[in-house]
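Residue numbers (this note's numbering): 79 to 509. Don't be surprised by glycine CBs; every beta carbon is placed ideally from N, CA and C. These notes concern the structure reproduced below.
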Amino acid sequence: MAKPRIPTVKGTRDFYPEDMALRRWLYEHMRAVSEAFGYQEYDGPFLETLELYAAKSGEELVKEQAFVFPDRGGDLITLRPELTPSLARMVAQRQKQLTLPLRWWSFGPFWRYERPQRGRGREFFQWNVDMVGVATPEGDAELAAVGASFFRRVGLQPDQVRILVNNRRLMDAQLERLGIRAGLRKAVFRLIDRKEKMRPEAWEAYAAKIGLSPTQIQGLYDLFQRHDLWETSDELRRFFAAAEALGVAEYVRYEPTIIRGLDYYTGTVFEARDHEGRFRAILGGGRYDNLVAAVGGEPLPGVGFAMGDMVITLVLEAYGLRPALPLTPAQVLVTVFDDAHLLPSLRLAQELRAAGFRVATYPQPAKLGKQFKYANRLSIPVVAVLGPDELAQGAVALKHMGRGEQVTVRREQAVATLRAWLAVGSPGEGA
RNA sequence: GUGGCCGUAGCUCAAUGGCAGAGCACCUGACUGUGGAUCAGGUGGUUGGGGGUUCAAAUCCCCUCGGCCACCCCA
79 MAKPRIPTVK
89 GTRDFYPEDM
99 ALRRWLYEHM
109 RAVSEAFGYQ
119 EYDGPFLETL
129 ELYAAKSGEE
139 LVKEQAFVFP
149 DRGGDLITLR
159 PELTPSLARM
169 VAQRQKQLTL
179 PLRWWSFGPF
189 WRYERPQRGR
199 GREFFQWNVD
209 MVGVATPEGD
219 AELAAVGASF
229 FRRVGLQPDQ
239 VRILVNNRRL
249 MDAQLERLGI
259 RAGLRKAVFR
269 LIDRKEKMRP
279 EAWEAYAAKI
289 GLSPTQIQGL
299 YDLFQRHDLW
309 ETSDELRRFF
319 AAAEALGVAE
329 YVRYEPTIIR
339 GLDYYTGTVF
349 EARDHEGRFR
359 AILGGGRYDN
369 LVAAVGGEPL
379 PGVGFAMGDM
389 VITLVLEAYG
399 LRPALPLTPA
409 QVLVTVFDDA
419 HLLPSLRLAQ
429 ELRAAGFRVA
439 TYPQPAKLGK
449 QFKYANRLSI
459 PVVAVLGPDE
469 LAQGAVALKH
479 MGRGEQVTVR
489 REQAVATLRA
499 WLAVGSPGEG
509 A
């Protein structure tokens with residue numbers, strides 16, 4: 079414990095090979111799902127100006143939570159806390175030449191200066207998916223379908239993880255019906271957002287404090303029971319019809335208490351939660367119709383969501399879905415019998431690499447037991463032995479570690495044997 | 001940024017003021033050209049770091065760093 083004299087920065091993680099393998103696994107599934115829906119990969123800078131976030135409806139939240147520091151010239155630099163403002167700028171910059179609607183996705187690091195907790199660090203990775211230039215409920219449903227398709231792909235079932243959906247315009251109309259004036263609705267949205275996190279008495283006290291009457295508070299309670307409320311919204315009726323057509327009906331559900339914290343959402347909002355509610359939101363997103371305008375472009379509608387790597391990892395672990403990934407890409411370990419066989423072993427390894435196999439050599443002569451143990455620990459599926467006997471006969475001994483089966487074949491036949499052994503489901507190929 | 005719990009071997013944890021331990025892991029050997037099993041032996045720690053109280057501190061106090069929990073906010 080006292081070993082790391084130089085600690086990591088608070089809230090950051092080292093990615094050892096096994097961690098990196100999982101990150102890459104997540105990335106591969108995100109890429110596959112994004113591309114299945116025709117989304118293009120893009121990225122923005124990791125460093126941005128503070129102005130970019132200040133421009134975004136002057137949200138103090140983002141400014142207070144971001145890593146901001148002066149560069150050597152004295153300009154204030156921000157480690158990006160989210161991607162949407164960068165996306166808005168990139169779109170605004172090439173608004174005239176981009177082919178709309180555009181479908182873009184990205185996976186990369188983000189930073190937020192927060193108190194680290196389980197599922198929340200100061201440096202994390204996030205999958206962002208956005209569609210810009212179209213303002214239809216079917217577009218909203220497509221984004222939800224991308225998220226749901228990811229869950230399905232990694233093995234999360236609809237009874238384990240679900241995307242809860244609501245619509246701010248619908249809620250706005252409902253609040254108006256309750257006689258809650260427009261100036262108060264932003265605060266009431268925040269109130270609704272905190273419904274699940276507070277005890278009823280505290281929540282009601284908070285509601286009264288922001289100016290709601292007992293009748294209005296009761297009206298909100300009634301609203302929260304209205305799981306059929308979506309039927310009164312044309313947008314949501316179309317949303318759920320599209321979700322059904324997209325094959326993800328079982329993953330989406332109307333939930334009147336979902337409102338999302340961010341101010342820039344204007345229409346449909348959604349977030350994914352685990353069924354037991356043990357974890358914070360797995361993904362969150364919604365429709366934002368004024369974003370590009372905030373950084374100087376013509377107004378363009380958009381819809382998107384973001385999913386962080388930390389919570390989804392916890393959820394996968396909770397449901398036993400964290401995959402067992404290969405520890406090493408090596409398919410073959412070529413042993414080194416003794417000094418005299420070192421160079422011949424290197425030649426054999428290179429021969430096998432030339433044939434397309436991923437081959438590691440033991441880096442120095444050692445007892446064969448030690449070398450086999452090394453292969454076993456790293457789960458390298460095949461061990462090749464080139465000792466005095468094999469060398470004299472122009473042969474090589476190949477051992478299939480999983481089956482414990484060993485054959486001695488002529489050197490020219492080694493490749494064919496390996497092809498047969500490693501043909502399907504060979505480790506290291508990913509999913 | 002506020003309040004709270006925690007930090008002992010690589011890992012999971014004991015020891016609650018009195019000689020820092022166990023299991024697993026690791027290394028060596030039994031097995032001189034073969035891993036995963038078994039048996040025997042062995043390495044491993046300034047108890048997160050610093051200061052204080054005490055004859056004596058992993059244990060009590062203060063500071064600090066880190067993790068976790070609740071706020072806050074959100075991925």
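Environment of S291 [buried if 16+ CB atoms lie within 10 Å]: When all chains shown are included, S291 counts as exposed.
Straight-line gap, A132 to L234 (C-alpha atoms, nearest Å): The alpha-carbon atoms of A132 and L234 are separated by roughly 38 Å.
Identity of the residues DSSP links to D476 by a beta bridge: One detail in the question is off: residue 476 reads as Leu in this sequence, not Asp. L476 has A462, V485 as its beta-bridge partners, per DSSP.
First through last residue of the beta strand (DSSP E) which encompasses L424: In the DSSP assignment, L424 falls outside any beta strand (DSSP E) and lies within the alpha helix (DSSP H) extending over 420-432.
Opposing strand residues paired with P195 [DSSP bridges]: The question names Pro, but residue 195 in the sequence shown is Gln. Assignment of beta-bridge partners to Q195 by DSSP yields R198.
Cα-Cα separation, M168 to F145: Cα-Cα distance, rounded: 21 Å.
Rounded C-alpha distance that separates F185 from P443: Cα to Cα, F185 sits roughly 43 Å from P443.
Straight-line gap, S311 to R338 (C-alpha atoms, nearest Å): Cα to Cα, the separation comes out at about 18 Å.
Residue span of the beta strand (DSSP E) that contains S291, given as start and end: For S291, no beta strand (DSSP E) run applies, since DSSP gives it neither H nor E.
Contiguous alpha helix (DSSP H) assignments of at least 4 residues, all confined to the stretch 92-140: Counting only runs that start and end inside the stretch 92-140, the alpha helix (DSSP H) elements of at least 4 residues fall at 95-114, 128-133.
Per DSSP, cross-strand counterpart(s) of G363: The partner list for G363 (beta bridge, DSSP) reads F348, F383.
Sufficient close CB pairs (3 or more, under 8 Å) joining the stretch 235-251 to the stretch 324-339: At 8 Å Cβ cutoff, the stretches touch.
Extent of the continuous alpha helix (DSSP H) to which Y452 belongs: Residue range 446-455 is occupied by the alpha helix (DSSP H) that includes Y452.
Straight-line Cα distance separating V412 from K88: Straight-line Cα distance between these residues: approximately 41 Å.
The stretch 357-377 touching the stretch 257-273, judged by at least three CB pairs closer than 8 Å: Result no; under three Cβ-Cβ pairs closer than 8 Å.
As assigned by DSSP and simplified to three states, the class of D208: It is a strand residue.
Pairwise C-alpha distance: R240 and H353: Cα to Cα, the separation comes out at about 7 Å.
S311 in three-state terms, based on DSSP: Residue state, collapsed to three classes: coil.
Three-state class that DSSP yields for Y284 in the structure shown: Reduced to three states, the DSSP call for Y284 is helix.
Nonlocal neighbours in the same chain, by C-beta distance under 8 Å from R91, ignoring five residues either side: The residues are D97, G199, E201.
Pair within 9 Å by beta-carbon distance, A219 and A320: Yes; because the gap between Cβ atoms is below 9 Å, this pair is in contact.
Supposed contact pair M479 and A453 - C-beta distance, whole angstroms, cut 8 Å: Rounded to whole angstroms, the Cβ separation of A453 and M479 is 6 Å, and the two are in contact under 8 Å.
Nearest residue (CA-CA) to G211, options R231, D300, F348, R172: Nearest of R231, D300, F348, R172 to G211, Cα basis: R172.
Length of the line joining the Cα atoms of H419 and L496: Computed Cα separation, rounded: 21 Å.
Spatial distance of M209 from F93 (CA atoms): Inter-residue distance for M209 and F93 is about 31 Å (C-alpha atoms, whole angstroms).
N-terminal and C-terminal residue of the alpha helix (DSSP H) that G221 is part of: It should be pointed out that residue 221 corresponds to Leu in this sequence rather than to Gly. Run containing L221: 215-232, per the alpha helix (DSSP H) assignment.
Beta carbon of F415 nearer than 9 Å to that of L464: Closer than 9 Å, so yes.
Reduced DSSP secondary structure (H/G/I, E/B, other) of I337: Coil.
Of the residues P187, N206, Q252, the one placed nearest G297, counting alpha carbons only: Of the candidates P187, N206, Q252, the one whose C-alpha sits nearest the C-alpha of G297 is Q252.
Closest by C-alpha distance to E395, when choosing among V460, Q449, G197, E119: Comparing Cα positions, the closest option is G197.
Residues that DSSP places opposite W182 in a beta bridge: In the DSSP output, where bridge partners are listed per residue, W182 has Q118, D208.
For T156, the residue or residues it bridges with in DSSP: E126, V146, per the DSSP bridge assignment.
R259 to N245 span [Cα, whole Å]: For the pair R259 and N245, the Cα-to-Cα distance works out to about 18 Å.
Nearest residue (CA-CA) to Q449, options G261, R193, K477, H107: The shortest Cα separation from Q449 among G261, R193, K477, H107 belongs to K477.
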